[in-house]
Amino acid sequence: MAFNDDFDNRLATWLAWYALSSLGLVLCRSFIRFGAGWLRNRGYNTRRVAVAGDLPAGQALLDSFRNEPWLGFEVVGVYHDPKPGGVSADWAGNFEQLIDDAKASRIHNVYIAMSMSDGAMVKKLVRELADTTCSVILIPDVFTFNILHSRVEEMSGVPVVPLYDTPLSGINRLLKRAEDIVLASLILLLISPVLCCIALAVKLSSPGPVIFRQTRLRDGRQADQGSGSSAQ
Numbered sequence: 001m002a003f004n005d006d007f008d009n010r011l012a013t014w015l016a017w018y019a020l021s022s023l024g025l026v027l028c029r030s031f032i033r034f035g036a037g038w039l040r041n042r043g044y045n046t047r048r049v050a051v052a053g054d055l056p057a058g059q060a061l062l063d064s065f066r067n068e069p070w071l072g073f074e075v076v077g078v079y080h081d082p083k084p085g086g087v088s089a090d091w092a093g094n095f096e097q098l099i100d101d102a103k104a105s106r107i108h109n110v111y112i113a114m115s116m117s118d119g120a121m122v123k124k125l126v127r128e129l130a131d132t133t134c135s136v137i138l139i140p141d142v143f144t145f146n147i148l149h150s151r152v153e154e155m156s157g158v159p160v161v162p163l164y165d166t167p168l169s170g171i172n173r174l175l176k177r178a179e180d181i182v183l184a185s186l187i188l189l190l191i192s193p194v195l196c197c198i199a200l201a202v203k204l205s206s207p208g209p210v211i212f213r214q215t216r217l218r219d220g221r222q223a224d225q226g227s228g229s230s231a232q
């Protein structure tokens, strides 16, 4: 059973517009990304990057830039003062050399990867690099705590890095559960007219129930679940 012709024509037009717009957006972004990657692989539209400090996180970042040249980053090297254990494989000079190269515009991005014990040197580098045109990015020393998936948050305008989160318990857990139920109920209430219209359209255009039970395999076992019928 079909709806009236005017509604069907407008629906077909809207669906065609949506499909063509989505396809055009995907093709446009794909073309831009392919073009930018093609240019960057040939040395155009690139930025020269360096790491200040010898933390493993900084070396890992440079390795990722080398493995993904389409990102447009040209690796200069690692800058740090020589230590008794030697220098990094990508060593490009000490911190004074870094400042000179930055002031000479030979570097565009500087990633500071230094331990917490080098706080005084970090502050000095930031002050010196502030007089250059370089972008200065700090890599937090969360690897000291062996936390690989930490995230940066903001508390009252101050950036913080949570290392461990306490699980919800007690009254906080009950409040979170109540909030989930209330929000889910409100959302279902708001979209219920749309759901009813969809169910009515399915019922008018195809035989059988709108919602039915069927058996599916889940983790190697059979389980019953409710499914919605689709319009024919």
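Numbering of the sequence shown is given in the UniProt record's numbering, commencing with residue 1 and proceeding in unit increments. Built from N, CA and C at the ideal position, the CB exists for glycine as well. Since this is a predicted model, take the numbers as computed values, not measurements.
- The DSSP assignment places 91–93 and 109–112 as complete runs of the beta strand (DSSP E) inside the stretch 87–135, in order along the chain (cut-off: 3 residues).
- For V78, the enclosing beta strand (DSSP E) covers residues F73 to Y79.
- Looking at the DSSP output, E153 sits in a beta bridge with V160.
- Checking the DSSP bridge columns, you'll see V26 has no partner listed.
- Annotation for H108: R47, R48, V49, C134 and S135 place their beta carbon closer than 7 Å to its own, counting only its chain and skipping 5 residues before and after.
- The shortest C-alpha to C-alpha distance from I137 to any of R33, L20 and G53 is the one to G53.
- Inter-residue distance for A199 and L188 is about 14 Å (C-alpha atoms, whole angstroms).
- When only Cα atoms are considered, S64 and L15 end up about 41 Å apart.
- Membership of G58 in the alpha helix (DSSP H) is indicated by the continuous run P56 to N67.
- According to DSSP, V51 shares a beta bridge with V78 and Y111.
- DSSP places I211 within a strand segment (E or B) once states are collapsed to three.
- Counting C-beta pairs with one atom in each stretch, the stretch 95–106 and the stretch 73–82 have three or more that are closer than 8 Å, which means they touch.
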